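For the first sequence, counting from 1, position 175 maps to 766 in the numbering used here; every step adds exactly one. Scroll down for the structure; my scribbles are underneath it.
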Amino acid sequence: MLDIKLIREKPDEVARALATRMEPVDFTELLAWDKERRECIGSVTELRARRKTVSADIPGLKKAGKDTAALQAEMKTVGETIKSLEGRLAEVEAKIDAFMSMLPNLPADDVAAGGKEHNEVVRVFGAAPAFDFEPRNHVDLVGRLGLVDYERGVKMGGNGFWLYRGDGARMEWGILNYFVERHLAAGYEFILPPHILIHRCGYTAGQFPKFKDDVFHLQGEEGKDAKYFLLPTAETALINFHRDEILREDDLPRKYFAYTPCYRKEAGSYRAGERGMIRGHQFNKVEIFQYARPEDSSAALEEMVAHAETLVQGLGLHYRVSKLAAADCSASMAKTYDIEIWIPSMHEYKEVSSASNAHDFQARRGAIRFRRAATGQNEYVHTLNASGLATSRLLPAIVEQCQQKDGSVVVPEVLRAAVGKEVLRPVE
RNA sequence: GGAGGGAUGGCAGAGUGGUCUAUUGCGGCGGUCUUGAAAACCGUUGGCCGUAAGGCCCGCAGGUUCGAAUCCUGCUCCCUCCGCCA
């Protein structure tokens, strides 16, 4: 949620900033509602003050033997006026909320305007492996190695699901454990949250109301609106950890991480070439999250990207880091870096981590503040999140980047203890 | 699933229609005293809206009334017991 005061004071500036990521917005109507809202509040406040005083006087007057019938009648009218003004106020506020909750965040100053064609590669680690043989794609490899079973996954969950088995499950679990250990070492607190969340959580994260169709909703009772949904990322849970709280300044930054599967509809987003585990309805991800003071959040974002990168580096995989252009960032985010891993068979880099700074956008939706010690004032915190990491594209990258001519795969060193093998070989 | 009980400020806990501008205690913060600390004493102590005056907030939403923390209705959450159960 943007600050409506900012739109009131600098509508043109806000419109210009938003134009870098969306169709032009017109604030004329919004500002008219805002004006009406404030006038309503003024009138209601005034009338309530009068009613309060007069009503407090009535018992005294009665005691003195005065007739208060006329005053009471007048106050009755005042009460009715207040009620009708409040009704109008609620209507206007609903319109304002509906408008405001659809607006995306303002991009950070150093974010390029426009869509993904303006993304900028800021770093590259390692190099694409050069094969002296025809490399296999990951669907082939994980099938031959017996790591992932697509057919049986589909048998259970339908299209868009797979399952890990045997060494594949061990490797998946080992990857997640490797992440957990690294985040603990970096001072993040481990959280295992509910996977089913209430609607308010999605609102705070900025997924609702605009992106409601991307998540799985659970059937509400007796045809009521679905109240629960399956989280599409642990970020949705972690942003709600401190919802409606006021934190102490010396408690910041708060650093958390969570492991959850992520459930997504991915409606209409399947693309040719995205075979196997590149995009599914459920994938494993560890998410890191920080609540920070505004002045610390830029540095925190760099720190989080760097930390997430060390995870990929530890696996010895080739990747690059891109800074996303405004329109390619999620709606809630002011700035986003993607860590993109090389998938040899696709000749493409695919996102394994998205690290973002939401500034106060989510904090405002979730009423998450901290008390500034120097002033005693409450301010919105900045929230940051980064995947650390999503496994569904990591396993394909591992098997493809680490494959050998005979179809075997060299297990990255950090995973060998978990997998129990140095090399995975095709099964019969 | 059944039956009861409850929700008041950071916490505990009064208040059952009108100086409630929400008693009091604890905790927190500041001060006095002290070499320092403790104790004692004094002061202070939330959120939202509004430029302000001021208004609103006693779980949430409605209602009754000149006036609601207090009465009525619906909802949410928590606790206890019973049943079922990974």
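Glycine included, every Cβ here is placed at the ideal spot set by N, Cα and C. Every value quoted in this text rests on a predicted model; they were computed, and no experiment measured them.
Quick one: Cα of Thr827 to Cα of Leu986, how far? 24 Å
Taking the beta carbon of Thr901 as the centre, do at least 16 other beta carbons fall within 10 Å, making it buried, or is it exposed? exposed
The segment 893–908 touching the segment 683–694, judged by at least three CB pairs closer than 8 Å: no
Would you report the Cα separation of Arg599 and Leu622, rounded to the nearest angstrom? 7 Å
May I ask you to report which of helix, strand or coil DSSP gives His938? coil
Do Val702 and Lys914 come within 9 Å of each other at the CB atom, strictly closer than that value? yes
Backbone secondary structure at Asn875 - three-state DSSP: strand
Own chain, CB closer than 8 Å to Lys801, minus 5 neighbours either side, in chain order: Ser692, Met693 and Ala922
C-alpha distance - Lys941 paired with Ala890, whole-angstrom precision: 25 Å
DSSP-derived helix/strand/coil call for Arg962: strand
Sort Arg1007, Asp919 and Pro844 by Cα distance to Gly905 and report the nearest one. Arg1007
Since Val808 and Phe820 are thought to touch, with beta carbons under 8 Å apart, how far apart are those beta carbons, to the nearest angstrom? A small correction: the amino acid at residue 808 is His; Val does not occupy that position in the sequence shown. Yes, they are in contact, since the Cβ atoms of His808 and Phe820 sit about 5 Å apart, within 8 Å.
Just how far apart, CA to CA, sit Asp658 and Val669? 19 Å
Taking Asn969 as the reference, give the member of His909, Gly651, Gly706 and Pro885 with the closest Cα. Pro885
Assigned exposure category for Gln881 - 16 Cβ within 10 Å defines buried: buried
Cys920 versus Leu843, Arg612 and Asp603, residue with shortest Cα-Cα distance: Arg612
Measuring CB to CB, does Asp758 end up less than 9 Å from Gly778? no
Hey, how far is the Cα of Ala610 from the Cα of Lys707? 15 Å
What would DSSP say about His973, mapped onto helix, strand or coil? strand
Mapping DSSP to helix, strand and coil, what is Arg714? strand
Beta-carbon spacing of Ala573, Ala946 below 9 Å: An answer regarding residue 573 cannot be provided, because it is not within the stretch 592 to 1019 covered by the chain.
Under 8 Å: do the segment 931–938 and the segment 711–730 share three or more Cβ pairs, one atom per stretch? yes
From what residue to what residue does the beta strand (DSSP E) around Ser913 run? Tyr910 to Lys914
Exposed unless 16 or more other CB atoms sit within 10 angstroms - verdict on Ala825: buried
With 16 as the cutoff for other CB atoms within 10 Å, does Arg855 come out buried or exposed? buried
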